[in-house]
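Participant: These protein sequence lines are chains X, H and E, in that order. For the first sequence, the working numbering begins at 7 and goes up steadily by one. For the second sequence, the working numbering begins at -5 and goes up steadily by one. For the third sequence, the working numbering begins at 401 and goes up steadily by one. Encoded as structure tokens, here's the structure I'll be asking about.
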Amino acid sequence: MSYIIPVGIVTGIGLLAGAILTVADKFMGVKMDETAAKVLAALPGANCGACGFAGCQDYANTLAKDEEHVIKANLCTPGGDSVAMEVSSILGVEFEGASSQFAIMKCSGSQDRTNYAMDYKGHQTCKANKLFYRGRGACEMACLGFGDCVNVCEYGAIRIENGLAVINKNRCVGCGLCAKACPNALIEIVPEKTRVVVGCSSIDTGKDTRQICSIGCIACKLCEKTCKFDAIHVIDNHAVIDYTKCKNCTLCAKKCPTNVIHVFPKPVNAAKQKAKPVVAEPSQEEASVQ
Amino acid sequence: MSIFSKHLPAVHVEHHKYTADSPTEKMPVPDKVYISMAQHIGAPCQPKVAVGDLVKVGQVIGDTEAFVSAPIHSSVSGKVTAIEKNLTMSGIWDLIVTIATDKKQEVLEGLAPPQVDDKDSFIKAVRASGLVGLGGAAFPTHIKFNPKNLDEVDSFIINGAECEPYLTADYRTMMENSELLVNGLKNILKYLKIKRGIIGIESNKAPAINKLRAMVKDTPEIEVMELKAVYPQGGERVLIYETTGREIPIGKLPADIGAIVSNISSVVALETYIETGMPLIAKKVTVAGNAIRTPKNIEAPIGTQVNQLIEFCGGYKRIPRKLIMGGPMMGAAIYDDGMTVNKNTSGILAFDEESASVPKETSCINCGRCIRTCPMLLMPALLAKAYEAKDVEQLQKLNVALCMECGCCSYVCPAKKQLSFTNKLGKRLVMEGGKK
Amino acid sequence: MGRFNQGSLVVSSSPHIMDNVNTTRIMLDVLIALIPAFIMSGFIFGPRALLLTITCIAACVVFEAGFQYLIKKDSTITDLSAVLTGTLLGFNLPSSLPFWMAVVGSFVAIVVVKQIFGGIGQNFANPAITARIVLLVSFATPMTTWPLPNQLLGTVDAVTGATPLGILNMGTDLAALPSNMDLFLGYVGGSLGETSAIALLLGGIYLIWRKVIEPSIPLAFIGTVFIFALLTGQDPIFHIFAGGVMLGAFFMATDYVTSPRLTSGKIIFGIGCGLLTMVIRLYGSYPEGVSFAILLMNILTPQIDMLLRRRTYGGVKI
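Okay, here's the thing in structure tokens:
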């Protein structure tokens, strides 16, 4: 008998609390759009912002509210085609393939090729280092090597090797967080088909670059002359590729005197399946191939 | 602020004023000077000379139409050999005029004292002298001396605190150019119609206090005020509070509460121009630090390279690992001894390996030292946490913009956190966050 | 210009000089301040007291090093904070406590209270206090069996009895209360490090002189106890010297991590500790309330910090 009363009291409290919660949810709960909830479930949930919205929830809400379907359903690059297809079917719009992209690194200045101008001992981030003169690199546009990009990458696709950020194309989903994090804007998001990359962003003159970096672009314009598609130009003392025009002919890379134009190997087969790990930084063999 | 004290918090930093008693030595003119066209806050100057031109001492070699600016004069006589873009002290690319000197130091013909008889001609003279805030900020002086509400200004405060350790250039100026200083202040009071002049000097410079007090004893409007020898008495807001008891409300300027602050050497340079017509072409610089053989106070032409100043001091005693332009609390570490003396350079310090080492940061133990010592009464420990969380709202709420980066918080932090630099990053984050 | 230098010069943010006070130095100062009390504990309770404290120190250091090794964090044992926690924990135990219980206490202090919350600077409550309370609740009898001071050094079988506060609490044998002089010197029953008011006072003055602690918390704490005792008709001198008030006020309540940042907050914190201590002593069933008072105020610290505002230069309250 003595057990029954406490058990009863506890059960009663439990029931009462449950009832209050149910009522509270009914009257005070924040209503979430059903479509938005479904879309959110379909999205990867990395909140990377590659779609251009403030996280997955924002994108899902915007899509759900967008009755006219002005906002495209394929903006989630990390999710790729599968997510785009799912989101399209939820929204009842026609499926468009997700534009697959990846990040490239426009600096090749590892420590065997260039040096630091200072022994930087402040806050160990690129952003902080960039507040001191031109950053610690001898070249103003050098990779600072503190890994601000590594820290923002949700997919573990970037690592620092010998003072240079190296992007693993296989893991990269093209969300672009690293590009935003780099104070030197060395990382660019390019279309999937891209195979030719200029590994330099130096703004110093060719003469100066030659003194501080053994691989840096010396703005000789050989590539510009070689290109048949008007796709590569020397702007601000370094070569810049216009990826809307580039046809991956790789002629520029063959002509480049400092071998700063890198070429990714061709994909093994034409299917979307991603090929064997390719690193967006020229390994020694790669450089010698060129 | 504590109700028990009418002083702002501060830190006791060892003074290290080893060069206080060494008279200023005039440095021989170097073979080449490199004069930056960006020696002030605001738009950089355009060169007014071309490669191959012969220039004389005091000749204008750079000027601009922009309002926030000051002209730049040649500090030597010689030939312009190059005008190239290069990295300036402020960390930006700008034009640097290289002049190969002829060592004759011929003064520009027609260099004469300016005609000064009222406020407008005085302000014009201030601009023509090329003066900028010589204490470090490099803000053009003629703008500072002519605020919109000049008639409300009742105190002109001269900053003779020189609270930075090691530096003694201002002290030497007070001792060696006291006449110019007092006359300069009198002129400023006269032409700007300001009632009271205050010279604030830290108590560790007693000879200067006594000397100046004796000189102004018949001038009731000028007062020499003794300040506690703590850091940072020389910060503008701190100095105004310690001398007049007034606080500058957030977002206001010193003139809004009736005060204008200027540096010792600025007043002396201004008076030199008014009396002789010679603009600002040389700067008193303290060269010190434990890697320097014989620390000295040097008067060097603007545009002299750091390594030449150090050679003049007998070179390095130990292998230098850190070179600082300015004082050790707020100065900037430079990575190249080819950088040059600018208008706002007040010291060059060289330190050896041991003094250059940056201690490892450990965890915050919430000791509250940074909070107790912040002269602006901020809470650096919380600001650092807010910055780590990238919380712009919190940073704004904690008033990060008020931080003057005096470095007191970093100095006292037992965890060796670089709090003052975190505040700088925090300020940037707020600025970026505001743009979006 | 020699722009292309070899990169040998160090560049870092200003200031380029720093005060020589670091975390290790602060901890060392506190340890130095505890030496008189440590020696007194040996005099009063015999060598076992010293051994018990040393056991706590060793256990704390081992637990800290071991835990940090396990979770692959940089070891922080060189900052001496674990040594300090061990010392304070030892000081809060009766000298007759079995050694294995002291080790359990060290585990609670270092692993449960400190490291799980993120190590130094992250704990929400004072590790030593919390460990003491855990031990008190878990092993009530050994934790409240107080050996009386052995007047002769080296007596093996210590006589046990009640602490002065215990006598007061039971309210039976008030004539057995020790004189205030005995309390001041510490020749009374109690936790091994808390009894000698003079030794703790010496240490506290050293800490204030070294500017390790501000006097605000100890003054507010002890002052409140004094006034509370005065108002309730108790002997105020007895109350500030008895029990753990001295140890708590100077060494436990002043722990940086778990006390408020601003001086005004520290004063509120100290008053709160004093009030709670006296309320527990006079109206609670426990004879002593310092540890509970400090623990409760530790938990309130974030709220105190949040509620107190500070006026910045230029007149904005933050």
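We put the CB at the ideal spot given by N, CA and C, even for glycine.
What separation, rounded to the nearest whole angstrom, lies between the Cα atoms of H/N310 and H/V335?
Facilitator: According to the sequence as given, residue 310 of chain H is Tyr; it is not Asn. Their backbone Cα atoms lie some 18 angstroms apart in a straight line.
Participant: Closest to H/P65 by C-alpha separation, out of H/K73, H/A76, H/G72 and H/Q53, would be which residue?
Facilitator: H/Q53
Participant: Counting only beta-carbon separations shorter than 7 angstroms, does X/A48 have a partner in chain E?
Facilitator: no
Participant: Sort out for me which residues DSSP pairs H/L89 with in a bridge.
Facilitator: In the DSSP secondary-structure assignment, H/L89 is bridged to H/K79.
Participant: Does H/G420 come out as helix, strand or coil in the three-state DSSP assignment?
Facilitator: helix
Participant: Apart from the five residues on each side of it in sequence, which residues of its chain come closer than 8 angstroms, Cβ to Cβ, to E/M678?
Facilitator: These residues qualify, in order along the chain: T624, V625, F628, A629, T632, H639 and G689.
Participant: Helix, strand or coil, according to DSSP, for X/G143 in the structure here?
Facilitator: strand
Participant: Does DSSP put H/D145 in a helix, a strand or coil?
Facilitator: helix
Participant: Measure how close the beta-carbons of H/I254 and H/F150 come, nearest whole angstrom, since I'm counting them as under 8 angstroms.
Facilitator: 5 angstroms
Participant: Please look up how many angstroms separate the CB atoms of X/G222 and X/G115, rounded, as I've assumed it's under 8 angstroms.
Facilitator: 7 angstroms
Participant: From the DSSP output, in three-state form, read off X/T17 for me.
Facilitator: helix
Participant: Where in the region 123 to 186 of chain X do unbroken runs of the beta strand (DSSP E), each at least 3 residues long, occur, reported from the N-terminal end onward?
Facilitator: 164 to 167 and 170 to 173
Participant: Just to make sure I have the definition right: I need the residues of chain H whose C-beta is within less than 7 angstroms of the C-beta of X/K127. Which are they?
Facilitator: V352
Participant: Which residue marks the beginning of the alpha helix (DSSP H) containing H/A344, and which one marks its end?
Facilitator: Judged by DSSP secondary structure, H/A344 falls outside any alpha helix (DSSP H) and instead within the beta strand (DSSP E) spanning G341 to D346.
Participant: For the region 138 to 150 of chain H against the region 175 to 185 of chain H, are there 3 or more C-beta pairs whose distance is under 8 angstroms?
Facilitator: yes
Participant: What does a CB cutoff of less than 7 angstroms around H/E215 pick up in its chain, not counting 5 residues either side in sequence?
Facilitator: L183, K189, R190 and G191
Participant: Along the alpha helix (DSSP H) that carries H/A294, what are the first and last residues, could you check?
Facilitator: Premise fails: H/A294 lies in the beta strand (DSSP E), K290 to P295, not in any alpha helix (DSSP H).
Participant: Nearest CA to the CA of X/V240: which residue from X/A23, X/R140 and X/S208?
Facilitator: X/S208
Participant: Do you know how far the Cα of X/C54 is from the Cα of X/E160?
Facilitator: 8 angstroms
Participant: For E/S413, which residues from the same chain have a beta carbon less than 6 angstroms from its beta carbon, with the 5 sequence-adjacent residues on both sides left out?
Facilitator: If you ignore the 5 residues before and after E/S413, its C-beta comes within less than 6 angstroms of no other C-beta in its own chain.
Participant: Just list the residues that DSSP pairs H/N257 with in beta bridges.
Facilitator: DSSP links H/N257 through a beta bridge to H/N153.
Participant: Rounded C-beta distance between X/G180 and X/S106? I'm assuming under 8 angstroms.
Facilitator: By a beta-carbon distance limit of 8 angstroms, X/G180 contacts X/S106. Their separation comes to about 7 angstroms.
Participant: Is it a yes or a no for the region 219 to 239 of chain H touching the region 190 to 208 of chain H, going by three-plus beta-carbon pairs under 8 angstroms?
Facilitator: yes
Participant: Examine chain E for any beta-carbon lying closer than 7 angstroms to the beta-carbon of H/P322, and answer yes or no.
Facilitator: yes
Participant: Does any CB atom of chain H fall closer than 7 angstroms to the CB of E/L552?
Facilitator: Only weak support is given to the placement of E/L552: the predicted model assigns it a pLDDT of 43, under 50, and the value that follows is read from those uncertain coordinates. Among the CB atoms of chain H, none fall inside 7 angstroms of the CB of E/L552.
Participant: So, is H/M169 buried or exposed, given that buried needs 16 or more other C-beta atoms within 10 angstroms?
Facilitator: buried
Participant: Please list, in chain order, the chain E residues whose beta carbon lies closer than 8 angstroms to that of X/Y122.
Facilitator: Near X/Y122 (Cβ distances below 8 angstroms), the residues of chain E are G407.
Participant: For E/D419, go through chain H and note every residue whose CB falls closer than 7 angstroms to its CB, in chain order.
Facilitator: Y405 and V406
Participant: Against H/A327, what residues of chain E qualify as contacts under a CB-to-CB distance less than 9 angstroms, listed in chain order?
Facilitator: L409, V410, V411, S412, S413, S414 and H416
Participant: Which class does H/P408 belong to by DSSP, given the choice of helix, strand or coil?
Facilitator: DSSP places H/P408 in coil when its eight states are reduced to three.
Participant: Would you kindly work out how many angstroms separate the C-alpha atoms of E/I671 and E/P527, rounded to a whole number?
Facilitator: 21 angstroms
Participant: Looking at the strands, I want to know which residues DSSP matches up with H/M333.
Facilitator: BP columns for H/M333 are empty, so no partner.
Participant: Between which two residues does the alpha helix (DSSP H) holding H/A200 run?
Facilitator: A200 to M209
Participant: Grab the span of the alpha helix (DSSP H) containing X/D87 for me, first residue to last.
Facilitator: Its alpha helix (DSSP H) spans residues G86 to L97.
Participant: Helix, strand or coil: which one does DSSP assign to H/R431?
Facilitator: This structure leaves residue 431 of chain H out entirely; chain H is present only between -5 and 430.
Participant: Could you check the C-alpha separation between H/K113 and H/T167 for me, to the nearest Å?
Facilitator: 26 angstroms
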